[in-house]
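What follows is one structure encoded as structure tokens, with my remarks underneath.
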Amino acid sequence: MTEVTLAVVGGGLRGLTYARRAHATGAGRVVAVAEPDPGRRAAFAAEFGIPPEGEHLGWKELAAAGRVADAAVIATHDQLHTGPAVTMADLGYHILLEKPMATSERESARIADAARRNGIMLAVCHVLRYTPYTRVVRGLLDGGRIGRLVSVQHLEPVGWWHQAHSFVRGHWRRQDTSAPMLLAKACHDIDWLVHLFGRPPTKISSFGSLSHFRAEERPAPAADRCLDCPLEPSCPYSAKRLYLGCLGDPDSEFWPLSAVTPGRTEAEVLEALRTGPYGRCVYACDNDVVDHQEVVMEFDDGATCSFTMSAFTPMEHRRTRLFGTHGYIDGDGSTLRLVDFRTGEEEVVETAGEGGPSAADGHGGGDEGLTDAFLAAVASGDASLLRSDAAESLMTHRVVWAAERARLTGSVVTL
Ligand SMILES: NC(=O)c1ccc[n+]([C@@H]2O[C@H](COP(=O)([O-])OP(=O)(O)OC[C@H]3O[C@@H](n4cnc5c(N)ncnc54)[C@H](O)[C@@H]3O)[C@@H](O)[C@H]2O)c1
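Numbering (our numbering), first residue to last: 44 to 458.
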């Protein structure tokens with residue numbers, strides 16, 4: 044297969060993940076990186092053998108060099124997607140764009156428009172669409188194994204420590220600097236559910252709030268930082284326990300630890316917790332995104348879907364029950380139990396998903412599947428290898444915004 048050349052915008056965790064997969068399979072080669080952090084930029088360039096002229100301080104400097112690769116990976120933070128995406132599309136790059144497309148409907152529409160105008164392929168990183176598990180579920184539905192889909196119950200178990208890491212202490216804790224939780228995290232789930240139904244819902248409602256990670260919930264003797272806190276040993280959200288526990292495990296050192304510190308010694312981790320955002324008490328942060336949310340959707344044929352996102356779980360694969368007119372599927376992200384109402388028989392389908400649910404282990408094979416599909420699509424010019432294009436991702440993002448409007452106004456939104 045032709046080797047696809049890549050320019051990576053944002054040499055952080057996600058940029059690294061896609062670049063590593065491209066190099067590991069030999070399907071892609073990174074020839075340029077845009078990354079303002081000098082340490083990250085140098086490490087990225089060294090790992091992928093990028094020549095000095097391929098190292099750029101930021102996306103604007105990379106864009107000023109013209110089109111230097113077949114495709115661009117845009118893996119900057121949520122609020123820095125639109126500028127690079129539109130500019131790189133106008134330069135003729137095919138684009139792998141991290142989710143969410145952008146933090147507003149207007150900006151996401153600008154990105155989709157730039158992709159259409161320039162005739163490029165743009166894949167939003169909805170990794171769940173690319174797991175072996177999803178392929179099997181879609182195959183069972185498309186093959187009529189449970190008849191017509193009448194309702195779905197879907198759970199996203201964010202995980203107590205993951206919520207604390209990303210959505211209380213970390214980058215995605217505030218709507219004004221990132222996005223609402225439903226967009227920043229659960230846009231994957233809404234996208235996946237729409238993918239299963241094969242169409243968007245017609246009506247949507249939602250409820251949810253920030254229930255626990257707030258000042259009113261703080262136990263009286265708690266200190267502002269875990270390292271000074273008398274309650275730390277018994278607190279489920281102890282930063283000390285979480286991050287010191289990552290040391291020695293390469294997956295956990297990559298994520299979540301590398302968001303906290305580039306250091307890999309106990310002293311360096313403790314210093315980051317003493318001074319940085321990840322050592323703060325979860326009841327004394329400046330977070331405002333929800334820690335639990337429900338979304339209920341109705342489709343044109345009366346089918347319904349309920350979705351729960353919760354912080355108060357172990358961090359596991361999503362769980363989904365699919366109720367059809369002729370059968371039932373119960374899935375845990377890896378194994379599916381199918382009951383066929385025609386025979387009463389039960390079948391267990393192992394989907395051979397690689398890896399666990401987190402970013403450290405590739406989102407159940409989704410990171411690999413997405414990277415491989417994107418590179419194959421660019422190499423062959425065959426956009427049908429992608430499981431969604433910019434227009435479809437814009438449509439599923441619009442469902443997210445409709446759900447947020449429903450939550451904030453306490454109403455049922457008609458799409
Ligand atoms: N698809 C998924 O499952 C998934 C999982 C996690 C995160 N994400 C998304 O991926 C994106 C990146 O997240 P991350 O965890 O890799 O963050 P990160 O902080 O590790 O990486 C972002 C990088 O962008 C760099 N950057 C900042 N300004 C820049 C500029 N002007 N030009 C180029 N680079 C610039 C930062 O220095 C940083 O290294 C976010 O939008 C996030 O929501 C997606």
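Note that the Cβ used here is the ideal one computed from N, Cα and C, for glycine as well. None of the values given here were measured: they were computed from a predicted structure.
In the three-state scheme derived from DSSP, where H, G and I count as helix and E and B as strand, PRO293 is classed as helix. By the Cβ-count criterion, GLU435 is buried, with 16 or more other Cβ atoms from all chains shown falling within 10 Å of its own Cβ.
If you look at CYS230, you'll find it in the alpha helix (DSSP H) that goes 230–240.
Distance from the CA of ALA152 to the CA of ALA227, rounded to the nearest whole angstrom, comes to 17 Å. For SER436, the three-state secondary structure derived from DSSP is helix. Sequence-distant Cβ neighbours of ALA207 in its own chain, meaning closer than 7 Å and more than five residues away, are TYR280 and VAL325. DSSP places CYS348 in the strand class (E or B) of the three-state scheme. Scanning the stretch 178–226 for uninterrupted beta strand (DSSP E) segments of 3 residues or longer gives 192–200, listed from N- to C-terminal end. Taking a contact as a CB-CB distance under 8 Å, the pair ASP375 and ARG364 does not count as one, their CB atoms being some 10 Å apart.
The DSSP-derived three-state label of LYS142 is coil. In the same chain as LEU316, and ignoring 5 residues on each side of it, the C-beta atoms closer than 8 Å to its own belong to ARG268, CYS269, LEU270, ALA282, LYS283, TYR286, VAL303 and GLY322, in chain order.
Within 7 Å of the C-beta of GLU90 there is not a single heavy atom belonging to ligand 1. Shortest gap from the CB of CYS168 to any heavy atom of ligand 1: under 7 Å. Looking from the CA of SER349, the closest CA among SER248, ILE93, GLY412 and THR119 belongs to SER248. Under the DSSP assignment, PHE250 falls in the beta strand (DSSP E) whose first and last residues are 246–252. In terms of Cβ geometry, THR439 and ILE117 do not form a close pair [threshold 8 Å]. Taking a C-beta distance under 8 Å as the contact criterion, PHE240 and LEU313 do not qualify as a contact pair.
Apart from sequence neighbours up to five positions away, the residues of its chain that approach ARG83 with a beta-carbon distance below 6 Å are GLY54, ordered along the chain. With a cutoff of 7 Å, LEU123 counts as near ligand 1, since its C-beta is closer than that to a heavy atom of the ligand. Taking C-beta atoms as the reference points, GLY190 and GLY405 fail to come closer than 8 Å. The three-state reading of DSSP puts PHE355 in coil, since its state is none of H, G, I, E or B. Of the candidates GLY291, ARG63, PRO262 and CYS289, PRO262 places its Cα closest to the Cα of SER277.
Within 7 Å of the C-beta of GLU314 there is not a single heavy atom belonging to ligand 1. A straight-line Cα-Cα distance of about 32 Å links ASP344 and ALA158.
By the C-beta criterion, the stretch 63–80 is judged not to be in contact with the stretch 169–187, since fewer than 3 inter-stretch pairs fall below 8 Å.
At a threshold of 7 Å, HIS238 does not count as near ligand 1, since its beta carbon sits no closer than that to any of the ligand's heavy atoms. Setting aside the 5 residues that flank it on each side, VAL211 is surrounded in the same chain by PHE256, VAL325, CYS328 and ASN330, each with a C-beta closer than 6 Å to its C-beta; the list follows chain order. Excluding residues up to 5 positions away in sequence, GLY58, ALA62, VAL73, VAL76 and VAL116 lie with their Cβ nearer than 6 Å to the Cβ of VAL51 in the same chain. Here the alpha carbon of THR457 sits roughly 33 Å from the alpha carbon of PHE384. Relative to the Cα of GLY187, the nearest Cα in the group LEU429, GLY370 and SER194 belongs to GLY370. Contact between MET224 and VAL332 holds: their C-beta atoms lie close to 4 Å from each other, under 8 Å. The stretch 124–132 makes contact with the stretch 97–113, as at least three CB pairs between them are under 8 Å.
Around the beta carbon of SER377, 16 or more other beta carbons sit within 10 angstroms, so the residue counts as buried. Taking each of ARG149, MET131 and LEU123 in turn and checking the Cα distance to VAL111, the smallest one comes out for MET131. For GLY82, the uninterrupted alpha helix (DSSP H) segment begins and ends at 81–91. Nearest to ALA449 by alpha-carbon distance, out of ALA145, ASP294, GLN336 and GLU309, is GLN336.
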